[in-house]
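Structure first, commentary second.
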Amino acid sequence: MTTQAHVIKTRMPDPAPSPEALLEQVHAALEEMKAKDAVEIDVRGKTSIADYLVVVSGTSTRHVKSVADEVVKFSKKCGVMPLGVEGEREAEWVLVDLGDVIVHVMLPRVREFYALERLWTVGDQPPEAPAEGSPEA
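Okay, structure coming up:
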């Protein structure tokens, strides 16, 4: 006997909220749950998977899961159903895919290990000018 994969069909509301409106809901959820060290990364022009990534820390696996649940709850307020939520069982890193905005809720040690902020911002800053008196100057 073969089993068929369960397919969830999600639809964005019509009209869909702007990525910025969705970001507002995400930040409201993060504030509500007292999530730590939220960083918003604009990835437009770097990837087609989303416009923004939000990386945030939770203080424990329970907190990580609760923060992710709150993001889902707040996104539903503007009519957006997540395209997917991954990692809830272990709750060390929960990814909430809202389409234009992807939220990564992580334990601090996991966040430090994967360093998503560095990965997605490499090359964003202009190279630093050599200091006066240094061999490169």
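In my numbering, the protein residues as written are 819 to 955. C-beta: ideal position from N, C-alpha, C; glycine also.
Would you call residue i buried or exposed, if buried means 16 or more other Cβ atoms sit within 10 Å of its Cβ?
{"i": "I920", "result": "buried"}
{"i": "D869", "result": "buried"}
Please classify residue i: does DSSP put it in a helix, a strand, or coil?
{"i": "A846", "result": "helix"}
{"i": "E930", "result": "helix"}
{"i": "L916", "result": "coil"}
{"i": "E838", "result": "helix"}
{"i": "L937", "result": "helix"}
{"i": "L871", "result": "strand"}
{"i": "M924", "result": "strand"}
With residue i as the anchor, note down where its alpha helix (DSSP H) starts and where it stops.
{"i": "K894", "result": "T879 to K895"}
Over the uninterrupted beta strand (DSSP E) stretch that includes residue i, give me the two end residues.
{"i": "A856", "result": "K854 to D860"}
Find the nearest neighbour of residue i within the set the options, judged by alpha-carbon distance.
{"i": "K883", "options": "Y932, V898, A868 and L925", "result": "L925"}
Would residue i and residue j qualify as a contact pair, given that the criterion is a beta-carbon distance under 9 Å?
{"i": "V874", "j": "V923", "result": "yes"}
{"i": "V898", "j": "A847", "result": "no"}
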